[in-house]
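Going by this note's numbering, the letters in the sequence shown line up with residues 1 to 100, in that order.
Notes follow once the structure below has been shown.
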Amino acid sequence: MIGHYAAQFEREQGCTEAEWLAWWPGAVREHPFTLAPGHAVVRIGDGRLDVRWQVLPPRQIALVRLPRMAVAFRFDDAVDDAARQRFMRYFDLYMQRGGG
């Protein structure tokens, strides 16, 4: 999803938790972050982004099983709209796999 990013939103990610965690440092670039089970905090300027995730049962289509996770993003008020858009555009492009 590339477009406008609200200060708070939820989505499904089509990956395993291990993949998600391996991609995380590259997706947040230079922003300092902390990870805990099912939760991350990213410092963006004077503000922060809280990300929470939960592994969901795989989506099954015929014989194909696709991993998925429910992910909630919440930017605090100290992250202005321009910074939020810039961060999420890069984050989404970095996390995008296949399909272009």
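Think of the CB as a built atom: it goes at the ideal place given N, C-alpha and C, for glycine as much as any other residue.
- Looking only at F87, P57, Q8 and L93, the smallest Cα-Cα distance to G45 is reached by F87.
- With a cut-off of 8 angstroms on Cβ pairs, the segment 61–79 is in contact with the segment 11–26, counting three or more such pairs.
- Within its own chain, the residues whose Cβ lies closer than 7 angstroms to the Cβ of D50, once the five positions on either side in sequence are excluded, are V41 and R74, listed in chain order.
- In the same chain as P58, and ignoring 5 residues on each side of it, the C-beta atoms closer than 7 angstroms to its own belong to R65, L66, P67 and R68, in chain order.
- The beta carbons of W20 and Y94 sit no closer together than 9 angstroms.
- For L56, there is no enclosing alpha helix (DSSP H); the residue is part of the beta strand (DSSP E) that begins and ends at G47 to I61.
- Going by DSSP, R89 is part of the alpha helix (DSSP H) stretching over D81 to M95.
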